[in-house]
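Down below is the structure, laid out as structure tokens.
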Amino acid sequence: MTLETIIQAQGGGGTSSHARSPLGLMEPERLPPTDRSKIVLRDLKQVYCLRSTERRKKEELVALENFTLSVDEGAFVAIVGPSGCGKSTLLDILAGLARPQHGDIHIDGRLVTGPALDRGFIMQGYALFPWRTVIENVGYGLEVKRVPKQQRREICKKYIDLVGLNGFEDRYPSELSGGMRQRVAIARSLAYDPKVLLMDEPFAAVDAQTREILQDELLNIWEKTGKTIIFITHSIEEAVLLAGQVVVMTARPGTIKKTVDIDLPRPRRAADMRVSADYKWITHRIWELLQNDDVAASDQNLPLDVGKDVASEIAPSTLL
Ligand SMILES: Nc1ncnc2c1ncn2[C@@H]1O[C@H](COP(=O)(O)OP(=O)(O)OP(=O)(O)O)[C@@H](O)[C@H]1O
Ligand SMILES: [Mg+2]
0 MTLETIIQAQ GGGGTSSHAR SPLGLMEPER LPPTDRSKIV LRDLKQVYCL RSTERRKKEE
60 LVALENFTLS VDEGAFVAIV GPSGCGKSTL LDILAGLARP QHGDIHIDGR LVTGPALDRG
120 FIMQGYALFP WRTVIENVGY GLEVKRVPKQ QRREICKKYI DLVGLNGFED RYPSELSGGM
180 RQRVAIARSL AYDPKVLLMD EPFAAVDAQT REILQDELLN IWEKTGKTII FITHSIEEAV
240 LLAGQVVVMT ARPGTIKKTV DIDLPRPRRA ADMRVSADYK WITHRIWELL QNDDVAASDQ
300 NLPLDVGKDV ASEIAPSTLL
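In numbering that gives the first Met the number 0, the protein residues as written are 0 to 319.
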């Protein structure tokens, strides 16, 4: 069963509506809602109350602040930022699992007030149901959608096959490796065909080879179905390989430092990107952007010119 067959069987097809834009940096202000906006995040702020070491003293931690972003229908947006800057907090709010202290999110013009099947969420750390087998986990969203049993089984088998877990259908999560659990989580979120995929470091726990296979499969799925994807990763290489826009966050309280358009040609594949000078160049500049506040303050220092001879500009030691 090829991926294409699976997607056609599920009614997908056509090309993505992902907008091509010139490669360069965009200020956060350049991201107001447009007619193509699928998701609009407006001025989000999230504060956690912490247990204080001193009795009766309340402590607050601002995880996220002034976070405004508009995501076009069919866009593939990657979010990178230092550990603890509020990325998972942001995705929890997008998934409807948490309410922001301030601001709001609209998807297709509707206010997000809780979880719904229009969004598939792959959480950091799998979040599988331990009492359900692999096939029962993968079929969960389809059950909620009341897909008939036989059809549900067929769809589950296709996605279990896709993530390479044939033969493990009746195993429980506790009987799987970390990477296998992550693949179950991916299959589960794809099986019920949500229009928006929220992915929190989905490939972090898999080995390098599997990661590359899953990256290519995810690109295939996105190209064929035009799903809107928000993808959190610690890997700048992964962000540049996959995304049309990379949102670079500041340290906590997390806000948007810059949004970088990635106009590398598509279709992209991990193996091709590894040897692309443009890819290395952009990856390097985003790494600089993350590291260096001065660089972020000045756009003109970041001409991410695709096509220039970058080999002489990037010393091997500076590559990630
Ligand atoms: N439920 C909670 N209660 C209190 N503090 C929390 C809670 N969840 C997250 N935090 C804090 O909020 C901040 C942001 O956490 P979050 O998990 O969103 O970061 P992250 O960017 O996803 O980090 P990582 O890259 O390590 O996954 C962190 O300082 C974290 O300790
Ligand atoms: Mg996180």
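Each residue gets a CB set at the ideal place from its N, CA and C atoms; glycine is no exception.
Practice task
Find the nearest neighbour of L332 within the set R180, E64, I185, T224, judged by alpha-carbon distance.
Solution key: This structure cannot speak to residue 332, because the chain is shown only from 0 to 319.
Exercise for the section: Ignore the nearest five residues each way along the sequence and tell me which others in A242's own chain have a CB closer than 7 Å to its CB. Expected result: As a first step, residue 242 is located in the sequence shown; it is residue number 243 there, counting from the start. Result list for A242: F75, V76, A77, F230, I261, in chain order.
Problem - Three-state class that DSSP yields for R29 in the structure shown - result: Here the question's residue 29 lines up with position 30 in the sequence shown. At R29 the pLDDT is 42, less than 50, meaning the model places this residue with poor confidence; the figure from the coordinates comes in the next sentence. Reduced to three states, the DSSP call for R29 is helix.
Handout entry: Check whether V183 and N219 have beta carbons under 7 Å apart
Key = In the sequence shown, counting from the first residue as 1, residue 183 sits at position 184. In the sequence shown, counting from the first residue as 1, residue 219 sits at position 220. Cβ atoms of V183 and N219: not closer than 7 Å.
Handout entry: Cα-Cα separation between V111 and S173, rounded to whole angstroms
Key = Within the sequence shown, the letter at position 112 stands for residue 111. Within the sequence shown, the letter at position 174 stands for residue 173. Their backbone Cα atoms lie some 33 Å apart in a straight line.
Handout entry: Run of the alpha helix (DSSP H) containing K44, from where it starts to where it stops
Key = In the sequence shown, counting from the first residue as 1, residue 44 sits at position 45. In the DSSP assignment, K44 falls outside any alpha helix (DSSP H) and lies within the beta strand (DSSP E) extending over 36–49.
Practice task
Report back the beta-carbon spacing between A207 and Q181 to the nearest angstrom; my notes put them in contact at under 8 Å.
Solution key: Working through the sequence shown from its first residue, we reach residue 207 at position 208. Working through the sequence shown from its first residue, we reach residue 181 at position 182. The pair is not a contact, with the Cβ atoms about 14 Å apart (cut-off 8 Å).
Exercise for the section: Hey, could you find the ends of the alpha helix (DSSP H) D71 is sitting in? Expected result: In the sequence shown, counting from the first residue as 1, residue 71 sits at position 72. Here D71 belongs to no alpha helix (DSSP H); instead the beta strand (DSSP E) covers 58–71.
Handout entry: Reduced DSSP secondary structure (H/G/I, E/B, other) of L320
Key = Residue 320 is absent from the structure shown; the chain starts at 0 and stops at 319.
Problem - For P266 and E28, the rounded distance between their alpha carbons - result: As a position in the sequence shown, residue 28 is number 29, starting the count at 1. As a position in the sequence shown, residue 266 is number 267, starting the count at 1. The predicted position of E28 is uncertain, since its pLDDT is 41 and thus under 50; no value can be drawn from it.
Practice task
Please state whether DSSP places A190 in a helix, a strand or coil.
Solution key: Locating residue 190 in the sequence shown gives position 191, counting from the first residue. Three-state result, A190: helix.
Practice task
With a threshold of 6 Å, establish whether the CB of T88 neighbours any heavy atom of ligand 1.
Solution key: Indexing the sequence shown from 1 puts residue 88 at position 89. For T88, the shortest separation between its Cβ and any heavy atom of ligand 1 lies below 6 Å.
Handout entry: Cα-Cα separation, K157 to S275
Key = For this step, residue 157 is matched to residue 158 along the sequence shown. For this step, residue 275 is matched to residue 276 along the sequence shown. K157 and S275: Cα-Cα distance of roughly 33 Å.
Handout entry: Check whether V61 and P252 have beta carbons under 7 Å apart
Key = Looking up residue 61 in the sequence shown gives position 62. Looking up residue 252 in the sequence shown gives position 253. Going by C-beta atoms, V61 is nearer than 7 Å to P252.
Exercise for the section: For M198, name the three-state secondary structure that DSSP assigns. Expected result: If you number the sequence shown from 1, residue 198 lands on position 199. Strand at M198.
Handout entry: Y125 beta carbon near ligand 1 (any heavy atom closer than 6 Å)
Key = The sequence position of residue 125 within the sequence shown is 126, counting from 1. No, ligand 1 has no heavy atom inside 6 Å of this Cβ.
Practice task
Drop a sphere of 10 angstroms on the beta-carbon of A280, count the other beta-carbons inside from all chains shown, and report buried for 16 or more, exposed for fewer.
Solution key: If you number the sequence shown from 1, residue 280 lands on position 281. Checking the sequence, you will find Trp at residue 280 rather than Ala. Flag for W280 reads buried.
Exercise for the section: Grab the span of the alpha helix (DSSP H) containing K279 for me, first residue to last. Expected result: Working through the sequence shown from its first residue, we reach residue 279 at position 280. 276–290 is the extent of the alpha helix (DSSP H) around K279.
Handout entry: Assumed close pair E72, R131 - CB separation to whole angstroms, cut-off 8 Å
Key = The residue given as residue 72 occupies position 73 in the sequence shown. The residue given as residue 131 occupies position 132 in the sequence shown. That pair is no contact at about 32 Å.
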